[in-house]
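Participant: Structure incoming, see below.
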Amino acid sequence: MSKVFDLWNEVGGAFGPSGREDAVREAIAAIAGEYIDDITTDALGNLICRKKGAGKKVLFAAHMDSIGVVATWIDDKGFIRFSQVGGLFKGDLINITVRFANGTRGVISYEEKTPFKDLTLDNLFIDIGAKDKADAEQQVQIGDFAVFEAPRFEQNGVLCGPYLDNRIGCVTLLLAMEQLAEAETENDLYFVFTSQEEVGLRGAGAAAFSVEPDVAIAVDVTDTGDLPERKTPMAVDMGKGPAVKVMDRSVICTPAVCAALEQAGADCGVATQREILQFGGTDTAALQKARAGVQAGAVSIPTRYIHSPSEMCAVSDVEDAAKLLARFAAM
Numbered sequence: 416m417s418k419v420f421d422l423w424n425e426v427g428g429a430f431g432p433s434g435r436e437d438a439v440r441e442a443i444a445a446i447a448g449e450y451i452d453d454i455t456t457d458a459l460g461n462l463i464c465r466k467k468g469a470g471k472k473v474l475f476a477a478h479m480d481s482i483g484v485v486a487t488w489i490d491d492k493g494f495i496r497f498s499q500v501g502g503l504f505k506g507d508l509i510n511i512t513v514r515f516a517n518g519t520r521g522v523i524s525y526e527e528k529t530p531f532k533d534l535t536l537d538n539l540f541i542d543i544g545a546k547d548k549a550d551a552e553q554q555v556q557i558g559d560f561a562v563f564e565a566p567r568f569e570q571n572g573v574l575c576g577p578y579l580d581n582r583i584g585c586v587t588l589l590l591a592m593e594q595l596a597e598a599e600t601e602n603d604l605y606f607v608f609t610s611q612e613e614v615g616l617r618g619a620g621a622a623a624f625s626v627e628p629d630v631a632i633a634v635d636v637t638d639t640g641d642l643p644e645r646k647t648p649m650a651v652d653m654g655k656g657p658a659v660k661v662m663d664r665s666v667i668c669t670p671a672v673c674a675a676l677e678q679a680g681a682d683c684g685v686a687t688q689r690e691i692l693q694f695g696g697t698d699t700a701a702l703q704k705a706r707a708g709v710q711a712g713a714v715s716i717p718t719r720y721i722h723s724p725s726e727m728c729a730v731s732d733v734e735d736a737a738k739l740l741a742r743f744a745a746m
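Using this note's numbering, the first residue of the sequence shown is number 416, and each one after it goes up by one.
Here it is in structure tokens:
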């Protein structure tokens, strides 16, 4: 297995839906500690890792949190109703396994009398095998969060499993930090692992407000256009290099930053793609709008089946993204 898989297996296996990122933060801090000068955690739970320099402030951000579900009601038979934490698509949820923080597992299923095409999240429930409500309440309380439970594996240079979004962005930053650990860098570097991105880009804005960077780069996943009969064409393919974001629904990236990222890729022999994401957004928008505004861009890992328990990306895209970021940090 690759080093990328080993890091993803460690960081990706930590429980960390939005607002409950503690275990992910601890896993990342344990790895990052040997690469940087100091680590702090702010009030929103962002992990801020700094490699000190006298030059311009460069902030790299990858969000730690994942989508998930939260228990809202338990019926008399012990079936649990839930609400979404972040964006969920019903087609990805039927008969999948979820895990609560205390280790309790359950299966999401649906009310079969409702035609499948008419299903909404209100028609879904979690079955933990409880005898009745009292039995269920011994294992799950209202307000408990759960995440996807599915295997992670590497095959033919490809990673597959839950929460590449965005633990693979966190892994990318860790790899870049490792490459910079022994390097003399003029710039003042901040590697920020942000909280609550999936529910409104909340952590990134607070972190950027505090750091006041001269330039900020978000690292996240992006969709691909390489699957059969895609409804929305997209010029990003898995395995053809990291993507430099031009724009998405929430942000138009700073042209000079996009050009510098592409130049960094060329300087270190990394092929890049250009990303225009027509649906969704990333921490880039919150970084760009901090204080009086920040020059901002993003590097994205092409990923298939985003927000499902079986996301997929290429190991080479992650490795190349880390090389590009390490080069950009020194520019």
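Backbone N, C-alpha and C define an ideal beta-carbon position, used for all residues, glycine too. Because the structure is a prediction, the values reported are computed rather than measured.
1. Taking PHE743 as part of the alpha helix (DSSP H), name the residues at either end of that continuous run.
2. Give me whichever residues DSSP pairs with LYS472 in a beta bridge.
3. Report yes if the C-beta distance between ASP732 and SER625 is below 9 Å; otherwise report no.
4. How big is the Cα-Cα spacing for ILE375 and ASP537?
5. Tell me which residues share the same chain as SER715 and place their Cβ nearer than 7 Å to its Cβ, disregarding the 5 neighbours each side in the sequence.
6. Between which two residues does the alpha helix (DSSP H) containing ALA679 stretch?
7. Starting from GLN703, trace the alpha helix (DSSP H) both ways and give me its first and last residue.
8. With GLU601 and GLY712 assumed to form a contact (beta carbons below 8 Å), what rounded beta-carbon distance in angstroms separates them?
9. Can you name the start and end residues of the alpha helix (DSSP H) that GLU569 belongs to?
10. Tell me which same chain residues have a C-beta within less than 6 Å of the C-beta of ASP629, skipping the five on either side of it?
11. Do the region 560–571 and the region 416–424 make contact, defined as three or more Cβ pairs closer than 8 Å?
12. Suppose the cutoff is 6 Å on Cβ atoms and the five residues either side in sequence are ignored; what does the same chain contact list for PRO432 look like?
13. Can you have a look at GLY696 and say buried or exposed, based on whether 16 or more other CB atoms are within 10 angstroms of its CB?
14. Whole angstroms are fine: how far does the CA of LEU740 sit from the CA of LYS467?
15. Can you tell me where the beta strand (DSSP E) with GLU564 in it begins and where it stops?
16. How about the region 720–731 and the region 662–670: do they share at least three Cβ pairs that are nearer than 8 Å?
17. Within the same chain, show all residues whose beta-carbon is closer than 6 Å to that of CYS683, passing over the 5 residues directly before and after it, in chain order.
18. Straight-line CA distance for LEU508 to SER723?
19. Compute the Euclidean distance between the alpha carbons of GLU527 and ASP437, then round it to the nearest angstrom.
20. Going by beta-carbon coordinates alone, are GLY521 and ILE543 separated by less than 9 Å?
21. Using the C-alpha atoms, what's the distance from PHE475 back to ASP453?
22. Would you mind stating whether ALA545 and LYS492 have Cβ atoms separated by less than 9 Å?
23. To the nearest angstrom, report how far apart PRO577 and ILE583 are at their CA atoms.
24. At what residue ranges does the region 472–543 contain a whole run of the alpha helix (DSSP H), taking only runs of 4 or more?
25. Hey, quick one: how far does the alpha helix (DSSP H) through CYS620 stretch, first residue to last?
26. Just to confirm before moving on: does the CB-CB distance between ILE511 and VAL555 stay below 9 Å?
27. Rounded to the nearest angstrom, what separates PHE608 and ALA477 at their Cα positions?
28. Leaving aside the five residues before and after TYR525 along the sequence, list all residues of the same chain whose C-beta is less than 7 Å from its C-beta, in chain order.
29. State yes or no: is the C-beta of ALA622 within less than 9 Å of the C-beta of ASN461?
30. Output the distance between the C-alpha atoms of ILE632 and LYS505, rounded to the nearest integer angstrom.
Facilitator: Working from what's here:
1. Translated into positions along the sequence shown, residue 743 becomes position 328. Note, PHE743: alpha helix (DSSP H), 730–744.
2. By 1-based counting over the sequence shown, the position of residue 472 is 57. According to DSSP, which records beta bridges pairwise, LYS472 is partnered with ASP603.
3. Here residue 732 refers to the residue found at position 317 when the sequence shown is read from its first residue. Here residue 625 refers to the residue found at position 210 when the sequence shown is read from its first residue. Not in contact: ASP732 and SER625 (Cβ atoms no closer than 9 Å).
4. As displayed, the chain neither begins before 416 nor continues past 746, which places residue 375 out of reach and without an answer.
5. Here residue 715 corresponds to residue number 300 of the sequence shown, with the count starting at 1. Once the five neighbours on either side are set aside, the close Cβ partners of SER715 are ASP635, VAL636, THR637, PRO657, ALA658, LYS660 and GLU690.
6. Here residue 679 refers to the residue found at position 264 of the sequence shown. That run of the alpha helix (DSSP H) goes 670–682.
7. Residue 703 sits at position 288 when you count from the first residue of the sequence shown. GLN703 -> alpha helix (DSSP H) spans 699–703.
8. Residue mapping note: residue 601 aligns to position 186 of the sequence shown, counting from 1. Residue mapping note: residue 712 aligns to position 297 of the sequence shown, counting from 1. At roughly 20 Å, the Cβ-Cβ gap does not stay under 8 Å, so GLU601 and GLY712 are not in contact.
9. On the sequence shown, residue 569 is found 154 positions in, with the first residue counted as 1. GLU569 -> not in any alpha helix (DSSP H); beta strand (DSSP E) instead, spanning 568–570.
10. Against the sequence shown, residue 629 aligns to sequence position 214. Counting only residues of its own chain and dropping the five nearest sequence neighbours on each side, ASP629 has a CB closer than 6 Å to the CB of LYS471 and LYS472.
11. Touching, yes, given that three or more Cβ pairs across the two stretches are closer than 8 Å.
12. Here the question's residue 432 lines up with position 17 in the sequence shown. For PRO432, where only same-chain residues beyond five positions count, the Cβ hits under 6 Å are SER481, GLY483, VAL500, PHE560 and VAL562.
13. Within the sequence shown, the letter at position 281 stands for residue 696. Buried, since its Cβ has 16 or more Cβ neighbours within 10 Å.
14. The residue given as residue 467 occupies position 52 in the sequence shown. The residue given as residue 740 occupies position 325 in the sequence shown. If you take the alpha carbons of LYS467 and LEU740, they lie about 17 Å apart.
15. Here residue 564 is taken as the residue at index 149 of the sequence shown, counted from 1. Here GLU564 belongs to no beta strand (DSSP E), and DSSP marks it neither H nor E.
16. no
17. If you number the sequence shown from 1, residue 683 lands on position 268. For CYS683, where only same-chain residues beyond five positions count, the Cβ hits under 6 Å are LYS738 and ARG742.
18. Against the sequence shown, residue 508 aligns to sequence position 93. Against the sequence shown, residue 723 aligns to sequence position 308. Distance between the alpha carbons of LEU508 and SER723 is about 8 Å.
19. Position 112 of the sequence shown holds residue 527. Position 22 of the sequence shown holds residue 437. About 37 Å.
20. Counted from its first residue, the sequence shown places residue 521 at position 106. Counted from its first residue, the sequence shown places residue 543 at position 128. Yes; because the gap between Cβ atoms is below 9 Å, this pair is in contact.
21. Residue numbering aside, residue 453 sits at position 38 when the sequence shown is read from its first letter. Residue numbering aside, residue 475 sits at position 60 when the sequence shown is read from its first letter. Whole-angstrom Cα-Cα distance: 15 Å.
22. By 1-based counting over the sequence shown, the position of residue 545 is 130. By 1-based counting over the sequence shown, the position of residue 492 is 77. A contact, by the Cβ cut-off of 9 Å.
23. The residue you call residue 577 lines up with position 162 of the sequence shown. The residue you call residue 583 lines up with position 168 of the sequence shown. The straight-line gap from Cα to Cα measures roughly 10 Å.
24. none
25. As a working note, residue 620 is residue 205 in the sequence shown. The question names Cys, but residue 620 in the sequence shown is Gly. GLY620 -> alpha helix (DSSP H) spans 617–626.
26. As a position in the sequence shown, residue 511 is number 96, starting the count at 1. As a position in the sequence shown, residue 555 is number 140, starting the count at 1. Contact: no.
27. As a position in the sequence shown, residue 608 is number 193, starting the count at 1. As a position in the sequence shown, residue 477 is number 62, starting the count at 1. Roughly 5 Å between the two C-alpha positions.
28. Here residue 525 refers to the residue found at position 110 of the sequence shown. Only ILE509, LEU534, ASN538 and LEU539 meet the Cβ criterion.
29. On the sequence shown, residue 622 is found 207 positions in, with the first residue counted as 1. On the sequence shown, residue 461 is found 46 positions in, with the first residue counted as 1. Yes, they are a contact pair.
30. By one-based count along the sequence shown, residue 632 stands at place 217. By one-based count along the sequence shown, residue 505 stands at place 90. Using only the alpha carbons, I get a separation of about 32 Å.
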